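Numbering-wise, our numbering puts 46 at position 59 of the sequence shown, and it's gapless, one number per residue. All C-beta atoms in this analysis are idealised placements derived from N, C-alpha and C, irrespective of residue type, glycine included. Since the structure is predicted, the reported quantities are computational estimates derived from the model, not experimental observations. Have a look at the structure below, then the notes.
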Amino acid sequence: MTYDSPLQIALMVLVGCAFDRFLAPPWRRWTGFVLFASGVYSLFLDVWTVFGVEIALWKSTAIALGCLLMMRSNRYLSKD
-12 MTYDSPLQIA
-2 LMVLVGCAFD
8 RFLAPPWRRW
18 TGFVLFASGV
28 YSLFLDVWTV
38 FGVEIALWKS
48 TAIALGCLLM
58 MRSNRYLSKD
């Protein structure tokens, strides 16, 4: 796969939508924290391919998705 492969971009959108839609509040915060931390950590590694797939775009997606999940961690909590 190349850096801008449509399949890779579609998978990132699908994973992001699934995480945002189906994770419950306590899991959203911790999944967001893990995604953000692993994305920032992976930026400092020199690994740019895994099994022949370029992961540069996945690194930035992990950071953005981690921020989104942490900021919206109380999405399904009631306002009462």
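*Should residue 32 be labelled buried (16 or more other beta-carbon atoms within 10 Å of its own) or exposed?*
On the sequence shown, position 45 is the one that residue 32 refers to. Answer is exposed; the Cβ neighbour count stays below 16.
*Applying the criterion that 16 or more other CB atoms from any shown protein chain within 10 Å of the CB defines a buried residue, is residue -4 buried or exposed?*
Position 9 of the sequence shown, counted from the first residue, corresponds to residue -4. Classification of residue -4: exposed, given that the 10 Å Cβ count is below 16.
_Nonlocal neighbours in the same chain, by C-beta distance under 7 Å from residue 18, ignoring five residues either side_ = The residue you call residue 18 lines up with position 31 of the sequence shown. Within the same chain, residue 18 has close Cβ partners 6, 10 and 56.
*Straight-line CA distance for residue 54 to residue 45?*
On the sequence shown, residue 54 is found 67 positions in, with the first residue counted as 1. On the sequence shown, residue 45 is found 58 positions in, with the first residue counted as 1. So the two alpha carbons sit approximately 14 Å from each other.
*What's the gap between the Cα of residue 24 and the Cα of residue 30?*
Along the sequence shown, one-based indexing puts residue 24 at 37. Along the sequence shown, one-based indexing puts residue 30 at 43. If you take the alpha carbons of residue 24 and residue 30, they lie about 10 Å apart.
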